[in-house]
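Residue numbers (full-length UniProt numbering): 1 to 1226. Where a beta carbon is used, it is the ideal one built from N, C-alpha and C, also for glycine.
What follows is the structure, given as structure tokens:
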């Protein structure tokens, strides 16, 4: 035995790690003398110990060895691989103790000492197992080896804990004693051992092999097991069928011929009555592998004679005939199978005859030969019907062959398919192939290649329409319409060749009417839905009038919801209301519930809350049934406004009306909190929604609220929180959809990582089976614009057009912005100036951006296209949507000081929307013109624009609450902020409540809110920024103007308006840029509104010019360089002083201290005699008293040798104020 120990140990390594089966370990231990054999290289090998058990197993005793305890050694393993499987099973049954359970080892099959014909088979087994083991990932291997093969559910990692758990269970329950538990465990082990014994017998091992086929099982082993079976066992029909299938599937080069020959022998022993369809299929396969076509045909006819109704291998014979170019036999086989399928009533048998006939190079090998054969046969005058049929069946395999590949192979197969279509043009035997290929192409459409499949479908349809004498079937046309309706096929902007018409619903309608006359009802419905989705009003009306011209009984009210829906897609609520009225008054029909829902949806799309409330109350008066979709439109409108209280009132009303509450309704409340900036409240509502969904209180998918919270964190630039939500979705098994990917794209773009966002849109979504929308592309474009990579943004737009996705208004605006900025930079100086000099510099370049203006004018002539979700169209009315295209161009021409072009663009935009009389131009256009007037120095025009915007904002802020239930109306009182006196201005700022403490817009009392909707709280932020810049451009601005500006600011805050991060910092910097600087006023504002969120300096009072290098570009863009801010991005709604603001504050404090020592110049001293100016400038003591925290932060300002501190602090010289400032820092 010791002579074989080395080989046995080597074999045990592979058997223990890779065996697919396990056998119970026996209780036999080797004598202790075995361990003193002198073979030192065998001692203490790592695989000889149980890595999962630290305790020494209890000695096992048998009745024959009682009183003679076995040797106790901690290093004594049980080498079960030295024993045959039968002996291990017998010992397991005889000595049923659980002490050695953890010491089981893997055993391959039922290995005996000399069961293999030759010793090399053991090596073959190990190599085969190693090959399969190497193909697994580490996690798969862990999962495989952690399974308990005996089903005992033991915790291998901690067996003692499980034993303790069993003991505790016995003590607590008091029903089962320790002896009963032991007996139950022993009986279970005995049953498992019996099963193991059966598997270890010849019959059990044989059945295990053939029923679980493995290509690595040696054929000699199977033959040896078969030979030891009894005649009775061999006569089992089921066993013979299983052996036949196993032998026919052998593919190893060394033994496959022997296996196939044996399979024929076994087949002869199976009577025809006992042969199944699977047996016939495998037998035909073996016959064809041996080139015995006669036997294969005989077996096929025998299967047909028995009337089998499943697949018995006809496609194998068909594939053989085609590959061998025996086309006459192929045609004969097709005819036979067609007749047979008709006889038995199973058409699937006929269609399966052609499954799998294609191969890797079939389109270059036998397929051209088949086409030449058909040409020869038809030229001799043979009938075409049979040849058309076989070619149609063969050609229909092409689309599926294309769809099974991706990447470069997919493109190569598409090219081969197009070449194939060119070769089959005008062939008389190819007329039936077009429809078969179209059906197959539509059923194999993949979302990752939707655009390519759409072009192939258009090309194939175009070729089909040119065939003379044949026409498409209604089933094919309905299949195309269904593919369009389910978005599996594109039809807009799809052309397979320049100058050729695309496959379009209108063309399909014309072809239908040409071949079949009037449209069927279902075809009309699908065409109407497609036209409505596209916003084609004329086509929808034409289809509706076609229905109205028919009999009155065919006027289905449920059809006319598309008549309203088409206007909802165009966001035209007035037109939708007119269409609804026509259904009632002109068509004399009672609108269906879905038509009412579409009307409310139109008001939702148009952001018309008042119209939606009127419509809903009219619906209540008509006593139309209220559905969840009916309330969703109102919920969406209030969610956009951030009015959470109104949403709660609507949800309560839905409960009163017994309308089921779903996750979509609760999601509206989450969105409302998000729009109001209340992240914590949105998170609480989200968690409560999950609890209610688990409790069954609400219905619907949790993916909707998950997407909203994911989008919320993305807008807040809270990337870790977004990743956390993403992981929760993965953990809970909630799949991603296009909205989820949109949120992730937004988060990455907010993180200034548009390249990663583009990877998601371009690759990940296609791989996961989602088609990106215009919204996804727009987000990526805006991301590249924010990182000043304008050419990439333009490329993304062109890729979107190539993908067949029609751009929306928001997409077009983003593209024109990137185009204008790119053209703006290309017309600047050849050598760009340093960063600190470009910042804030006015560029005097009167050349207009002609290329972008030309594209803008072209865009005005295009039809309006709105997506379900448009990027960048917030606070824009639908009628003013296209004016958003002018906004960036007007601002850019103002920056270039090209004021004439900006004026012309503004007048073009106002003429486009037809502003008449006392109407106010679009809000954002006025804001853009404020920037132009500010740069042009026309301050009176800036103030006039500000007054117009305040007037429009006051009109928009009035929000009507639902009042659907009976409640006592209450009137709200509008707070008016009187202009404070100048001497009390600082106290007003100091004692003013924080912005977030203002009461929300949606109070439960007033029916008309006196405060702006929470989502519109930033409406006047950008205009106020331009007003500040305009007022402070004059260094000698009177103190009264500053007091007026600050009074306006306090009035806005009193009305719950909010200024963003950039506007606050612009205001502080502008105050510090005046002469004299308004130091006390700036420090007081900073202390009250910005300092509470200041994170402190990362390197306080230290020189960071050379020691710490250049700051991150993202932190620099956000203004948080050198700060201990936890991330690189300022979250939405958060306000803190930027590094530039802190340098301005430091400069102003130094100037104030210097002037207190040297005095002000004569002109300033005269102005300082006025108490108002003196109160704004203040003194060092007053500054330190009113803003102590801000002063402390300014004193810890890091010393940076950059252009900003050189210009503001050091005064342009190295030996000026800077030396005193830096010495004071030390």
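Three-state class that DSSP yields for residue i in the structure shown
i: residue 362; result: coil
i: residue 607; result: coil
i: residue 260; result: helix
i: residue 401; result: helix
i: residue 1199; result: strand
i: residue 1160; result: coil
i: residue 491; result: coil
i: residue 699; result: strand
i: residue 1123; result: strand
i: residue 581; result: helix
i: residue 1103; result: strand
i: residue 572; result: coil
i: residue 231; result: helix
i: residue 1181; result: helix
Distance between beta carbons of residue j and residue i, contact taken as under 8 Å
i: residue 1137; j: residue 1091; result: 7 Å
i: residue 639; j: residue 647; result: 6 Å
i: residue 479; j: residue 439; result: 7 Å
i: residue 624; j: residue 593; result: 6 Å
i: residue 1079; j: residue 1178; result: 6 Å
i: residue 1236; j: residue 416; result: Nothing in the structure corresponds to residue 1236, since the chain is present only between 1 and 1226.
Beta-carbon gap between residue i and residue j smaller than 8 Å
i: residue 715; j: residue 746; result: yes
i: residue 1050; j: residue 1041; result: no
i: residue 270; j: residue 242; result: no
i: residue 670; j: residue 654; result: no
i: residue 707; j: residue 739; result: yes
i: residue 1141; j: residue 1068; result: yes
i: residue 885; j: residue 812; result: yes
i: residue 317; j: residue 296; result: yes
i: residue 604; j: residue 637; result: yes
i: residue 314; j: residue 321; result: no
i: residue 568; j: residue 538; result: no
i: residue 308; j: residue 341; result: no
i: residue 267; j: residue 259; result: no
Where the alpha helix (DSSP H) through residue i begins and ends
i: residue 296; result: 293-306
i: residue 459; result: 450-465
i: residue 1069; result: 1061-1073
i: residue 629; result: 628-641
i: residue 428; result: No alpha helix (DSSP H) contains residue 428, which DSSP labels as neither H nor E.
i: residue 934; result: 923-936
i: residue 1053; result: 1039-1054
i: residue 744; result: 738-750
i: residue 559; result: Taken as a continuous stretch (DSSP letters only), residue 559 belongs to no alpha helix (DSSP H), as it is neither H nor E.
i: residue 898; result: Taken as a continuous stretch (DSSP letters only), residue 898 belongs to no alpha helix (DSSP H), as it is neither H nor E.
i: residue 272; result: Segment: none, residue 272 is in no alpha helix (DSSP H) and carries neither H nor E.
i: residue 1089; result: That residue, residue 1089, is in no alpha helix (DSSP H); it is neither H nor E in DSSP.
i: residue 790; result: 790-802
Identity of the residue in the options nearest residue i by Cα
i: residue 1133; options: 1157, 1089, 1160 and 1114; result: 1089
i: residue 550; options: 578, 530, 587 and 574; result: 587
i: residue 360; options: 504, 424, 1021 and 405; result: 405
i: residue 1180; options: 1196, 1145, 1171 and 1208; result: 1145
i: residue 490; options: 476, 477, 478 and 505; result: 505
i: residue 1187; options: 471, 1085, 1139 and 1161; result: 1085
i: residue 1169; options: 374, 1087, 1148 and 1038; result: 1038
i: residue 275; options: 288, 1096, 294 and 237; result: 237
i: residue 222; options: 212, 206 and 576; result: 206
i: residue 907; options: 1153, 925 and 895; result: 925
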